[in-house]
Structure formats: C-alpha cells, structure tokens
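> Counting from 51, one number per residue, gives the positions in the sequence shown under the numbering used here. Just so you know, even glycine gets a beta-carbon here, dropped at the ideal spot from N, CA and C.
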Amino acid sequence: MKTIKLFISFTLIMFTSVAFADYEVYKDYDIGEEVSSVTTVRVDANMMDVYLEGLGETWVTANKIAKDLGQIKDWHIYASELPQSGDFNLLLVVNFNSGADLEPSKERYQAFMKKWSEEQQKKTREIVKTYPDVREITGEYRLREIMIK
C-alpha cells in the first residue's frame, strides 16, 4: 500500500512540474544564430589514424578553403577518449555564422571550386572510396545554441 501511495505521489509531482514549465523563447531563453553541422562517426578499431589521414587530405582541406573564403566560421574534429563506447567515437563539426550560410549559392560554389582544383577532386574521389572500409557514419545533426537568460 505504501508503495502505491508513493508511486501516485511521485506521478502527481511529475505531472504538476510539467504543467508549470512555461519557459518561453526570447523571454526566458534565446536561440543562437550560429549553426553547427555535426556528423557522428564510428571508426573501426585500430583505424583512427587511417581515417584521420584521409580526412586530412579531403574534409580538412575542403574546410580550410571554405574558412579562407569566409563560407564557414570554423571546423573541428573531436575523438572520444573511450573509443569503443557508444554509437560513435568521432565528431566532425562545421560551424556557420547563420543558417543562411547553408543555403545554395552559385557564387559561393564557384568561388570554392576555383580553389578546389581538378587534381584535388580526383584525389578526394579515390580516398573516399576507402572510407566504408574503416568507418560508419552514425548520425547527422544541425544544432543551434540555447542561451538561458
């Protein structure tokens, strides 16, 4: 009987607290303009260096060009210190000043392709063919910061 009363009391408290949760956007918190594109990757055991080498010649090179052109704000690679835990062990993050930077743009595309040589494009095509042998992409996310006032 005590267990049932305790359960009912706990349930009522939980529902009551949900009913009083009245946070409102722009009043209680703001949404950041910056957008982060996050890719979660599961790199196979003992293949991190192989994958990072490939990224250095493809993804990193492309992001350096985009950053130099002002098309992205920044980029980051994060590796888990516990590589065999969870659904992913590597994060690829690209930060944009705003969502508008993600919209298609012929001008931005042409500026990027002018710097991204035909030779680099061929090299990238060859390298990325090996990626399925060493990693699996487990998720894609587009995130904005929430700032509580």
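According to the Cβ coordinates, are Leu152 and Ile127 closer than 8 Å?
no
> Please list the terminal residues of the continuous beta strand (DSSP E) segment that includes Thr89.
Val85 to Val93
> In or out: Leu142 buried (at least 16 other Cβ within 10 Å) or exposed?
When all chains shown are included, Leu142 counts as buried.
> Identify the continuous alpha helix (DSSP H) that holds Leu105 and give its terminal residues.
Met98 to Glu107
> Quick check: what's the CA-CA separation for Arg194 versus Thr188?
20 Å
> If we require 4 or more residues per run, which alpha helix (DSSP H) segments fall completely within the region 121-167?
Correct list: 156-165.
> Taking the continuous alpha helix (DSSP H) assigned at Asp183, which residues delimit it?
Tyr181 to Val184
> Give every residue of the same chain whose Cβ lies closer than 7 Å to the Cβ of Ile115, excluding the five residues on either side of it in the sequence, and list them in chain order.
Phe162, Lys165 and Trp166
> Shortest alpha-carbon distance to Gly120 belongs to which of Arg185, Asn147, Tyr79 and Asp72?
Asn147
> Helix, strand or coil: which one does DSSP assign to Glu190?
In the three-state reduction of the DSSP assignment, Glu190 falls in the strand class, which pools E and B.
> Considering Tyr79, what are the terminal residues of the beta strand (DSSP E) in which it resides?
Tyr79 to Ile81
> Can you pull the DSSP bridge partners for Ile196?
Ile81
> For Glu84, I'd like the list of residues in its chain whose CB is within less than 8 Å of its CB, leaving aside the five on either flank, ordered along the chain.
Lys123, Asn145, Phe146, Asn147, Ser148, Arg194 and Glu195
> Report all residues from its chain with a CB closer than 7 Å to the CB of Lys173; omit the five preceding and five following residues, and keep chain order.
Glu107
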